[in-house]
Amino acid sequence: MGTTQNILGLVFASVHEESLVELTKNRTLGAVPFGGRYRLIDFPISNYVNSGISQVGVLTNHNYGSLLDHIGSGREWDLARKKGGLHLLPPYSSSVVSQLRGKLDALANIRSFVEHAAADYVVLSDCDVVTNIDFRQVVKEHIASGADITAVYAKNDYDEATSKSAVIYDIDDAGFVTDVMINPPMKGKCNQGLNMYVMGKEFLLNVVKKCISRNRFSLRKDVLQDTAANYKIKGYEHKTFFVKIESTASYFAANLALLDTEKRNALFQPNAPILTKTKDNAPVHFGLESEIKNSLIADGCIIEGKVENCVLFRGVKIGKGSVVRDSIITQSGVIGERCSLRNVITDKNVAIADERVLTGSAGFPAYFVKGAEI
Amino acid sequence: MNTKKEVVAMLLAGGQGSRLYALTHDMAKPAVPFGGKYRLIDFPLSNCTNSGIDTVGVLTQYQPLVLNDYIGNGEPWDLDRMNGGVHVLPPYESNSGASWYEGTANAIYQNISFIERYDPEYVVVLGGDHIYKMDYSKMVDYHKQQNADLTIAVLDVPRSEATRMGIMICDDEMRVTDFVEKPAEPKSTLASMGIYVFTWEKLKKYLIENENANTGSKDFGKDIIPAMLRDGERLYAYTFEGYWKDVGTLGSLWDANMDLLAPSEQLNLYDKSWRIYSRHSNFPPQYIGTKAEIQNSMITEGSVVDGKVDFSVIFGGVTIEEGATVQYSVVMPGTVIKAGAVVEYAIVGENCVIEKNAHIGRSPEEYSDANREEWGIAVTGHNITVSEGKEVPPQKILAESI
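If you read the sequences in order, they're chains X and F. Counting from 1, one number per residue, gives the positions in the first sequence under the working numbering. Counting from 375, one number per residue, gives the positions in the second sequence under the working numbering.
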């Protein structure tokens, strides 16, 4: 596709962390494990790669050790390139402010990277939305519409009470955005923003310069909501499966949503695969007394017990006589013998001794920190 | 410009593997899938990289397409190197004409210039159809200690098996005094594993002599080893202890897969210090459905299982529908087993479709002692459809759709 040769893909790997306080304690949002063998950043990067975008910048500002380890040279996404490829963009150490004050601040920081990219268009994504989207179509419609900005949204159930950072759009019959609201007091079906945008590169650079000169740092408040500037914003409706992670409970539900075959098939498409770092784990070994129902299981697991409605990440061990239900056991979790777990999230390398009983609820899953021994 | 390497490995991967019949119809034997997510060649390649050998020549000849694709730049085995790395070496045409590899020794002879580029002290010669984990660097150390010209890895086998293998007769110091191929009355139980460490200078001399003698076989076992023994060169046996399996036949391929499920776990694939690497397919995690019943099996990424699976090895991207039964079987990548189908004591190749209520293989329990001879595993080749209700009986090797 010739049209995607001139697109730069940017990923904000470190925003929305307030929604997943526990899982982002030791890692930035993009490095949060998801779906058995992935990390959240795999989804935006794979979407870019599958859309033919081969120059990708990853913006991060703290706790990016795990992220760095995960993406490496970008080889797993075929982004270890001489032309373009993957660039990790941490803040400059000379930066006066240690904490970035908003996306525009972060973009100002990488100004020269954007300037030097051989691109006419820039696509922006965050790591809080898990979906499979073809940006070729979004960019095509962006160009055809003549808009300054195209914002990707989905018709979704919205509830002010459970949302922390929702952007809701009013959209006219021609598909243009007429109003932009942040966490409005509403409930029901809304046009909810998915934090994905397409803009012309020059437009983006100008907007960033203009805003920074006025001490304005928020993309949503100072660009999308700047009615005085009168930007032309087009809406692009994303119609297939997605999950937006806004809390530990929604992270929990989003993982378990993958047990639905239709949703799983919408996310994991053979022609647009989600790529991730490989770990060379052996296949899953199911023992003599194992009993598995309705679960998603990554390689390297050894299962001797009973597992139902779970997502098991790479290298998990479930001992004999244990029963694990409605739970998410992330990488290298070890559950002993005769344990009982329900509505639990265990972070990486959690070890649970024999005969422990751990229970949370669907709304408030019990969370166990990285490396905990119980 | 290549810098010197102390050790270069040469992997003989050109064999047709005719005793694997339908499974090697369109791929070389080392490319045959094994153990859920591997191909046979993953074992020697991973052993090389885990042993610190970073320069490997893979000699291909028969149906190399799948194998070439699979090896690629060697990245999955960490063998994509600036200096060294994995090199696929097919036969080639030169001034003196084009020639196929005529035998194992001739294949190495034709690649003397490849080896010389690295100016090695030692050359490790490996086969591509054995399942085992072995630290070749320890064998090279042993070779040096013995001041040997050739070291041959041997396995102490039961006397009954010795009659089917190449047997080394050694003195008390493990120096090889004689070598007999498939002896009727074995004088020793030390069987060659087809793994050799040569001092390169010596190997080169014997390869050239063998080529000039034009024996017709140009084979390590038939020509090189006997010639070195005859000349009184220093040949030593290196005893290997651990799991090793030749998977040259359909029966042994099935056995080796079943061995992975044995509780004793003779071959530990979960050992992080000696991983077996393989090329990835980017499959999502496997999904086990609400109707599934799974016991004592290995299943890998990309598979969707809603049927009954017992004592089986299921590869990536396999679908086993609700109401299907798979037991004591090996199901290779991309195959679909539909509702009501039964697969037992069988190997099903890649990308097959086993339609509803088809029946592949039979349990040996259905056979009395009198007709036990008629039992054996059933096999379907790759890309085969078995139509609704059709049967593939034991011992049948299905090469075309029915």
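By construction, the Cβ of each residue, glycine as well, lies at the ideal position given by its N, Cα and C atoms. Remember, predicted model here, so these are calculated numbers, not experimental data.
What do you reckon, are the CB atoms on residue i and residue j nearer than 8 Å?
i	j	result
A13 of chain X	L79 of chain X	no
P600 of chain F	F657 of chain F	no
V550 of chain F	Y496 of chain F	no
P494 of chain F	E585 of chain F	no
G102 of chain X	S218 of chain X	yes
A479 of chain F	D597 of chain F	yes
E559 of chain F	G540 of chain F	no
V198 of chain X	V129 of chain X	no
E304 of chain X	K320 of chain X	yes
D457 of chain F	N521 of chain F	Rather than Asp, the amino acid found at residue 457 of chain F in this sequence is Asn. No, they are not a contact pair.
I335 of chain X	I318 of chain X	yes
Q660 of chain F	V679 of chain F	yes
G690 of chain F	S655 of chain F	yes
L643 of chain F	G477 of chain F	no
V311 of chain X	N255 of chain X	yes
K201 of chain X	L10 of chain X	no
Y612 of chain F	M513 of chain F	yes
D280 of chain X	E675 of chain F	no
L524 of chain F	E607 of chain F	yes
R216 of chain X	I182 of chain X	no
Which residues in the same chain have their Cβ closer than 8 Å to the Cβ of residue i, if we skip the five residues on either side of it in sequence?
i	result
P273 of chain X	S46 and N50
Q269 of chain X	N132
L358 of chain X	C339, S340, L341, R342, V344, I352, A366, F368 and I374
I345 of chain F	The question about residue 345 of chain F has no answer, for chain F in this structure spans 375 to 776.
W451 of chain F	D416, L419, S420, C422, T423, V460 and Y651
Tell me whether residue i is buried or exposed, calling it buried when 16 or more other Cβ atoms sit within 10 Å of its Cβ.
i	result
R538 of chain F	exposed
H116 of chain X	exposed
I650 of chain F	buried
V138 of chain X	buried
G65 of chain X	exposed
W628 of chain F	buried
S470 of chain F	exposed
I721 of chain F	buried
Q484 of chain F	buried
S336 of chain F	Only positions 375 to 776 of chain F appear in the structure, and residue 336 of chain F is not among them; the question remains open.
S677 of chain F	buried
T346 of chain X	buried
T3 of chain X	Note that T3 of chain X scores 49 on pLDDT, short of 50, meaning its location in the model is unreliable and no value can be drawn from it.
P185 of chain X	exposed
S295 of chain X	buried
L67 of chain X	buried
K244 of chain X	buried
S468 of chain F	exposed
G287 of chain X	buried
V21 of chain X	exposed
G360 of chain X	buried
G735 of chain F	buried
N109 of chain X	buried
Can you name, in chain order, every residue of its own chain whose Cβ lies under 7 Å from the Cβ of residue i, other than the five neighbours on each side?
i	result
M1 of chain X	Caution is warranted here: a pLDDT of 44 is assigned to M1 of chain X, below 50, making its placement in the model unreliable, and no coordinate value can be reported.
F364 of chain X	A249
Q435 of chain F	G388, P464, P465, W474 and Y475
R533 of chain F	P560 and T563
E762 of chain F	E729, K730, N731 and A732
P44 of chain X	V11, S125 and C127
By Cβ distance, which residues of its chain are closer than 6 Å to residue i, with the 5 residues on each side in sequence left out?
i	result
Q669 of chain F	D684
K378 of chain F	D493
H399 of chain F	G755
N156 of chain X	Q192
V499 of chain F	M384 and Y570
N26 of chain X	K370
Check the C-beta distance from residue i over to residue j and give it rounded, since I have them as a contact under 8 Å.
i	j	result
E247 of chain X	S19 of chain X	In the sequence under discussion, the amino acid at residue 247 of chain X is Ser, which differs from the Glu named in the question. That belief holds up - the Cβ atoms of S247 of chain X and S19 of chain X are roughly 6 Å apart, short of 8 Å.
L641 of chain F	I505 of chain F	7 Å
V152 of chain X	Y169 of chain X	About 10 Å; that fails the 8 Å criterion.
W77 of chain X	L88 of chain X	Not quite, the Cβ-Cβ distance comes to about 13 Å (not below 8 Å), so this is no contact.
A347 of chain F	A565 of chain F	An answer regarding residue 347 of chain F cannot be provided, because it is not within the stretch 375 to 776 covered by chain F.
D42 of chain X	L275 of chain X	6 Å
Any chance the CB of residue i is under 7 Å from a heavy atom of the ligand FMN?
i	result
G502 of chain F	Absent from the structure shown: the ligand FMN. Ligands present: none.
Quiz item: Taking three-plus beta-carbon pairs below 8 Å as touching, is the stretch 765-772 of chain F in contact with the stretch 414-425 of chain F?
Solution: no
Quiz item: Between the stretch 230-245 of chain X and the stretch 142-152 of chain X, do at least 3 Cβ pairs fall closer than 8 Å?
Solution: yes
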